[in-house]
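Chemist: Before we start, here is the structure in question, set down as structure tokens.
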Ligand SMILES: N[C@@H](CCC(=O)N[C@@H](CS)C(=O)NCC(=O)O)C(=O)O
């Protein structure tokens with residue numbers, strides 16, 4: 763299988779965690795933001811990564827979007843499962859996956875890039891990196907005000923995780939797509955000292971999930 767990705771994208775991390783959890787061998791093709799469109803638009807019609815090319819008999823040629831990738835992997839190789847057996851629990855897990863994809867993951871992007879452009883500038887002060895950050899900020903409308911709103915979304919998500927993750931799972935009594943998605947989409951916050959200081963348990967859990975999924979932690983953690 764071939765995963766078309768940005769190496770730093772938390773949605774691509776979500777797909778890699780799922781591949782690693784299921785121990786499915788894969789290769790990655792790292793794309794350059796902006797130029798990536800030339801590679802993926804003709805394939806998927808979309809402009810976002812991750813995009814998976816299964817390159818296997820009886821499989822679709824292309825699976826785009828992290829949620830669809832996990833759904834595909836679940837049918838391609840059901841064990842170990844990321845979906846839950848109980849229909850109501852499975853519905854809850856998918857609802858949480860969608861909430862993290864549509865709301866929390868986007869909020870993380872705001873807070874992360876705002877940090878990288880201000881107090882976290884020294885992580886990579888190079889002109890190239892700061893240019894990419896500036897482009898992303900314009901593309902998504904990231905500024906002090908919008909990232910403060912995003913920080914509230916993240917605070918609510920962390921409060922929810924605090925109820926479930928301190929001694930268990932988000933849904934049911936085993937690891938599922940909901941836990942995997944939350945870990946991937948909050949992982950960029952691990953480079954921000956204030957979050958590390960306030961929520962040590964959160965980053966321990968995210969690190970445990972990376973171990974379970976055989977995926978290295980993000981750079982600069
Ligand atoms: N819902 C999508 C979101 C993926 C997404 O937002 N990917 C970003 C990188 S983090 C992207 O490809 N951005 C490039 C663009 O929008 O042109 C998924 O879950 O796969």
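Numbering (the numbering used here), first residue to last: 763 to 983.
Virtual Cβ for every residue (Gly too), placed ideally from N, Cα, C.
1) Can you give the beta carbon distance from residue 975 to residue 783, rounded, assuming they're within the 8 Å contact cut?
2) For residue 810, verify whether its CB is less than 7 Å away from any heavy atom of ligand 1.
3) Just tell me which of 770, 878, 849 has its CA closest to the CA of residue 812.
4) Report the CB separation of residue 949 from residue 778 in whole angstroms; it is logged as a contact under 8 Å.
5) Cβ of residue 788 within 7 Å of any heavy atom in ligand 1?
6) Taking all protein chains shown into account, do 16 or more other C-beta atoms lie within 10 angstroms of the C-beta of residue 730, making it buried, or fewer, making it exposed?
7) Alpha carbon to alpha carbon, how far is residue 820 from residue 917? Give it in angstroms, no decimals.
8) For residue 789, report the span of its beta strand (DSSP E) as first-last.
9) Consider the C-beta atom of residue 841 and the heavy atoms of ligand 1; say whether any pair is separated by less than 7 Å.
10) Thinking C-alpha only, which one of 849, 894, 909, 893 is nearest residue 734?
11) Relative to the C-alpha of residue 825, which residue among 851, 972, 843, 767 is closest?
12) May I ask you to check if the CB of residue 829 is nearer than 7 Å to at least one heavy atom of ligand 1?
13) For residue 943, is the classification buried or exposed, using 16 other Cβ atoms within 10 angstroms of its Cβ as the cut-off for buried?
14) Quick one: give me the first and last residue of the alpha helix (DSSP H) that residue 979 is part of.
15) Does residue 725 come out as helix, strand or coil in the three-state DSSP assignment?
16) Specify the secondary structure class of residue 945 as computed by DSSP and reduced to three states.
17) What does the alpha-carbon distance come out to for the pair residue 959 and residue 924?
18) Short check: CB of residue 954 to CB of residue 862, under 8 Å?
Modeler: Quick look at the numbers:
1) Between residue 975 and residue 783, the beta carbon gap of about 4 Å places them in contact (Cβ cut-off 8 Å).
2) yes
3) 770
4) Between residue 778 and residue 949 the Cβ distance is about 11 Å, and since that is not below 8 Å, they are no contact.
5) no
6) The requested residue 730 does not occur in the structure, where the chain is confined to residues 763 to 983.
7) Going by the C-alpha atoms only, they are around 43 Å apart.
8) Segment 789-792, the beta strand (DSSP E) holding residue 789.
9) no
10) The shown model of the chain, from 763 to 983, leaves out residue 734, and the question about it has no answer.
11) 767
12) yes
13) buried
14) For residue 979, there is no enclosing alpha helix (DSSP H), as DSSP marks it with neither H nor E.
15) There is simply no residue 725 to check, as the chain begins at 763 and stops at 983 in what is shown.
16) helix
17) 15 Å
18) Cβ atoms of residue 954 and residue 862: not closer than 8 Å.
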